[in-house]
Amino acid sequence: MPRQFTLPDLGEGLTEAEIVAVLVHEGEVVREDAPLLEVETDKAQVEIPSPIGGRVEKIHVTPGQTVKVGAVLVTFADGATASAPSRAAAATPTAGVAPAAAPAARSSRVAEAPTAPRASAPAGRPAPAAPAREAAPAGAGPVPATPATRRLARELGVDLRTVRGTGPGGRVLDTDVQAAAGAPAGAAPGGPAAASAPAPTAAARPPRPATREAAPPGPAKPLATIGLEPPPLPRFEQWGAVERVPLSHLRRTIAERMTLSATLIPHVTHFDRADITDLDAIITRNLERARERGVTLTLTAFLLRAAALALRAHPHFNASLDPAAGEMILKRYCHLGVAVATPRGLIVPVLRDVDAKPVLEIGRELGALAQRVREGRATLEDLRGGTFTITNIGALGGTGAIPIINYPEVAILGVSRARPQAVVRQGQIVPRLLLPLTLTFDHRVADGADGARFASEIVSLLEAPERLVGDL
Amino acid sequence: MVMGELVDEVDVAVVGGGPGGYSAAFRCAELGLETVVIDADGRLGGACLFEGCIPSKALLHVAAVVSEAERAREWGVDFGEPRISLDQLRKWKQERVVGKLARGLASVAKGKGVTVIGGRAVFEDSTTLRIEGESLQKVRFKHAIVATGSAPAPLPGIELRSDRVMDSTAALELPEIPERLLVIGGGYIGLELGTVYATLGSRVTLVEMTEGLLPGVDRDLVQPLQRRVEKLFAAVHLGTKVTALREAGGHVEATLEGQGAETFDRVLVAVGRRARSRGLGLEATGARLTERGAFVQIDERCRTHDPHLYAVGDVTGEPMLAHRAMRQGKVAAAALAGQPAAFDNVAVPAVVFTDPEIAWCGLSEAQAKSQGMETKVAKFQWAASGRAATIGRADGLTKLVADAASGRVVGVGIVGPGAGELIAEATLAVETAALVEDLAATIHAHPTLSESLMEAAESLLA
């Protein structure tokens with residue numbers, strides 16, 4: 001019985017997604033949970049695993065196409081092995097939307113005990129004459145790979161049995177897995193020609209992040225408007241040659257959201273400076289110790305900690321406005337967004353419950369989160385639910401920047417580069433390290449005085465770093 | 473609602489405090505989940521610590537010291553006859569070994585914020601456990617991990633309730649050193665405990681139903697052990713069944729098929745272990761048991777058929793080994809926390825702590841052949857090992873099985889003193905898909921027994 005798989009509800013009011021890549025071919029037999037499609041939403045680029053095992057009869061979408069929730073993506077020829085959503089997929093939007101999510105149907109995946117090592121796999125090995133570097137056929141013994149590589153494969157949703165190992169003795173290497181993650185499943189590069197030269201194979205198929213950037217943006221289409229129609233553009237061609245480049249999905253999302261925020265919210269920006277000479281010394285002193293604990297200690301981790309503590313005392317900045325209800329929504333949780341520049345554009349991943357975490361833990365989570373974002377592995381959960389945002393562009397220079405609020409939040413803290421400056425202290429000129437801060441907030445929920453008090457709370461926390469360090 | 477009933481709400485309830493249970497609980501706590509362990513005895517350690525691996529290894533160490541002292545006569549050192557104080561031995565094993573480790577586990581649990589509740593846990597449904605302990609209590613959980621382990625199996629068809637008939641748990645209590653001990657079962661438990669009692673002075677008769685000791689284990693590895701056991705024990709009867717046990721005048725009379733009746737002071741029944749999956753209320757959940765063995769069925773993430781329930785360790789099947797349970801416990805914890813974990817281990821090492829020790833991992837020669845693999849097999853006799861000569865043990869063997877096509881090490885078996893430690897390197901090799909050449913080209917310290925693995929690998933390359 002043919003079975004159709006539609007774009008699941010992605011949550012958070014997201015109604016559409018752009019198809020970035022189709023990872024299967026028509027006619028291919030896929031396993032449950034095997035990667036089917038890669039889609040990009042306003043929030044994240046995510047992989048949609050197959051909800052069932054079966055043969056792909058028809059693929060209804062092409063890369064670059066934008067599809068609405070409910071649109072048919074793939075038709076399966078048979079869906080006899082439909083099964084419950086995997087828990088590991090909980091972070092991706094497909095969890096919970098697999099058709100016929102009956103636990104009873106999971107029997108196909110549950111090994112009959114004894115679940116001993118794969119050594120006991122019943123099926124015979126391929127004929128001994130088989131070349132060692134062929135991908136292992138399904139049902140054979142374990143795929144040769146180290147446990148760390150196997151974990152990577154699980155993380156990237158790669159079925160190791162479909163990967164041809166280029167390592168000694170046919171061992172599957174990290175690079176093989178990364179290459180496979182960027183290619184359609186089952187389409188591992190083959191051919192005896194490549195067998196003796198592993199390096200070119202890996203190089204020919206670059207790892208996933210690079211592939212993602214290379215994905216062509218979809219056809220151009222108008223931005224959503226919010227009441228104000230922009231006036232028509234002049235014909236620029238009359239003054240010279242132009243080139244028209246369609247916006248990527250992410251670029252369009254950023255454009256729409258910034259327009260919404262800048263148009264809807266009366267922005268106020270308050271400027272301040274924090275003397276972080278002492279804090280800087282603390283960071284330098286503890287860099288090595290933090291690194292021993294696997295954490296790269298950064299100023300941003302302290303900024304997050306300071307902002308979280310200041311938000312506790314100023315809940316109006318940890319809020320949203322409900323104009324329809326005429327109410328302020330004060331959030332009792334403190335999830336802070338951090339703007340991260342990626343090659344694809346600006347992304348704002350969110351750290352949970354920052355007010356409850358010591359700075360070292362914040363640093364640890366921030367490092368992991370930023371890495372996931374840069375590698376294109378962030379999940380929807382990583383990107384939503386923020387209550388306040390910090391954007392630190394200090395690394396890129398500048399003396400100050402006025403950020404735009406990340407709607408529907410009500411405030412954002414901009415941070416520019418700290419520079420040593422001459423400061424008058426008790427009549428003496430002393431060199432101090434000053435950090436420029438810009439707090440932009442929604443004038444509907446707070447006034448200039450509130451903003452000044454909130455900003456100076458952050459400044460005083462940064463200037464008295466012993467209140468921030470706790471566990472260092 | 474019963475008066476005074478308490479309901480606790482937790483993220484994870486672990487049922488059973490053995491190695492699988494505590495490994496899972498500790499990892500859950502590290503992942504920030506509120507975790508309780510419900511253990512029938514209200515303590516962490518399980519069969520492994522209190523009635524299995526640990527006490528048996530303590531006694532086997534004593535046995536090894538006794539036999540080593542005996543052999544030292546050959547080398548010109550005479551310690552005289554050993555005088556054994558059973559009270560002191562029991563006390564050492566119980567307090568200094570088991571007790572110390574148990575206190576250690578308790579303090580780790582405390583440090584990680586894992587609560588241990590004493591009582592019998594019964595599932596009322598997929599999210600509720602009833603605990604029948606000192607006070608009646610309920611625990612509501614988001615996920616539960618079933619880690620109830622296994623218990624010694626009784627002798628099928630023979631019912632004799634007597635203090636003189638012991639299971640492994642009772643035998644490890646060392647009630648006495650019986651003059652004549654019958655060990656029923658030639659598996660690793662029977663061999664290990666038989667070795668302990670024989671070394672401490674019992675005349676041990678071992679009866680095994682099948683035609684060989686350690687059924688299923690490579691005969692090349694079993695042979696040196698068999699030779700030694702036949703010297704150490706009064707008698708070894710293979711292919712023999714015990715058809716009746718009868719208590720008579722402070723003794724036990726055993727009828728051995730084809731051998732007639734024999735009288736013993738005590739009997740140790742070591743015919744395997746069976747899953748503790750009954751009486752847990754699992755029928756009130758979606759979890760399913762296998763028809764054979766009543767093991768809880770799990771997938772590679774240790775999930776049962778019930779989305780709230782995971783299971784790890786002996787209760788999920790063979791091989792019933794503490795280290796498999798520990799790894800599964802960590803996998804289950806990570807999986808329920810949403811991480812992409814899987815129990816995908818290729819090699820689970822197994823060790824028989826007899827003298828000589830036997831250890832193996834990965835595929836045996838026979839298993840590899842039955843999978844249609846063309847193999848290359850190397851056997852390195854320890855007679856050629858300098859280190860083996862210096863400890864007076866030339867009876868060891870290191871056997872390496874490789875896939876001929878790829879040159880990968882797919883299995884290793886070792887017999888000889890220290891095999892249990894030596895197998896670690898082999899397990900790493902199999903798990904990481906190392907080549908024979910990798911082992912051969914790795915420098916091994918000289919003179920050590922570990923060289924035997926390198927020598928075996930070199931002989932395959934020659």
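Residue numbers (the working numbering), protein chains in the order written: chain S, 1 to 472; chain U, 473 to 934.
Yeah, the Cβ is synthetic: ideal placement off N, Cα and C, and Gly gets one too.
Since the model is a prediction, treat every value here as computed from it, not as a measurement.
{"query": "Contact set for R171(S): own chain, Cβ-Cβ below 7 Å, skip 5 residues either direction", "result": "P144, A145 and G165"}
{"query": "Contacting positions in the region 23-51 of chain S - beta carbon closer than 7 Å to chain U", "result": "none"}
{"query": "When V24(S), I405(S), L23(S) and L7(S) are compared against E16(S), the one with the closest alpha-carbon", "result": "L7(S)"}
{"query": "Beta-bridge partners of Y782(U), as assigned by DSSP", "result": "I617(U) and R775(U)"}
{"query": "C-alpha gap between P491(U) and Q65(S), whole angstroms", "result": "51 Å"}
{"query": "Neighbourhood of A310(S) by C-beta distance below 7 Å, restricted to the same chain and skipping five residues each side", "result": "F454, E457, I458 and L461"}
{"query": "Nearest residue (CA-CA) to M258(S), options P49(S), P403(S) and L279(S)", "result": "P403(S)"}
{"query": "Contacts that D786(U) makes with chain S (C-beta to C-beta distance below 7 Å)", "result": "Correct list: empty, because the minimum Cβ distance to chain S is about 10 Å."}
{"query": "Outcome for S924(U) when other beta-carbon atoms lying within 10 angstroms are tallied against a minimum of 16", "result": "buried"}
{"query": "Beta carbon proximity, R154(S) to chain U, threshold 7 Å", "result": "yes"}
{"query": "Neighbourhood of H249(S) by C-beta, 6 Å cutoff - its chain only, sequence neighbours within 5 removed", "result": "E18 and E40"}
{"query": "Chain U contact for P142(S) (CB, 7 Å cutoff)", "result": "yes"}
{"query": "Check whether K851(U) and A874(U) have beta carbons under 7 Å apart", "result": "no"}
{"query": "Residues of its chain near K331(S), where Cβ-Cβ distance is below 7 Å and the 5 sequence neighbours each way are ignored", "result": "N318, A319 and T387"}
{"query": "9 Å Cβ cut-off: residues of chain U touching R171(S)", "result": "S878, R880, T904, A905, A906 and L907"}
{"query": "Where M258(S) sits in the DSSP three-state scheme", "result": "helix"}
{"query": "Simplified DSSP state of M328(S), which is helix, strand or coil", "result": "strand"}
{"query": "Distance CB(A726(U))-CB(L654(U)) smaller than 7 Å", "result": "yes"}
{"query": "Listed by chain order, chain U residues near R150(S) by CB distance under 8 Å", "result": "A814 and D816"}
{"query": "Coarse secondary structure for G337(S), derived from DSSP in three states", "result": "strand"}
{"query": "Beta-carbon spacing of I603(U), V508(U) below 7 Å", "result": "no"}
{"query": "Spatial distance of R748(U) from A625(U) (CA atoms)", "result": "10 Å"}
{"query": "Burial state of V570(U) (16 or more Cβ within 10 Å)", "result": "buried"}
{"query": "Any C-beta of chain S under 7 Å from that of V474(U)", "result": "Summary for V474(U): the model assigns pLDDT 42, below 50, so the residue's position carries little reliability, and this model does not support an answer."}
{"query": "Spatial distance of A281(S) from E288(S) (CA atoms)", "result": "13 Å"}
{"query": "Buried or exposed by the 16-neighbour rule on C-beta atoms within 10 Å, applied to V430(S)", "result": "exposed"}
{"query": "Cβ shell of H267(S) (< 6 Å), same chain only, five flanking positions each side left out", "result": "T440"}
{"query": "Within 8 Å of chain S by C-beta, residues of the region 828-847 of chain U in sequence order", "result": "G834, L835, Q839, Q843, G844, M845 and E846"}
{"query": "Closest by C-alpha distance to K58(S), when choosing among L36(S), G70(S), P465(S) and V46(S)", "result": "L36(S)"}
{"query": "Under 7 Å between C-beta atoms of G410(S) and D447(S)", "result": "The sequence shown places Val at residue 410(S), not Gly. The answer is no: Cβ separation not under 7 Å."}
{"query": "L577(U) classed as buried or exposed, judged by whether at least 16 other C-beta atoms fall within 10 angstroms", "result": "buried"}
{"query": "Within chain U, partners of T300(S) - CB distance below 8 Å", "result": "The premise fails here: T300(S) is roughly 22 Å from chain U at the closest Cβ pair, so nothing lies under 8 Å."}
{"query": "CB contact check: P63(S) to chain U, cutoff 7 Å", "result": "no"}
{"query": "Cβ neighbours of G186(S) in the same chain (closer than 7 Å, five flanking residues each side left out)", "result": "Residue confidence for G186(S) is low, a pLDDT of 39 falling below 50, so the modelled location carries little weight and cannot support an answer."}
{"query": "Uninterrupted beta strand (DSSP E) stretches inside the region 483-514 of chain U (no shorter than 3 residues)", "result": "507-511"}
{"query": "T146(S) at chain U interface by Cβ criterion, 7 Å", "result": "yes"}
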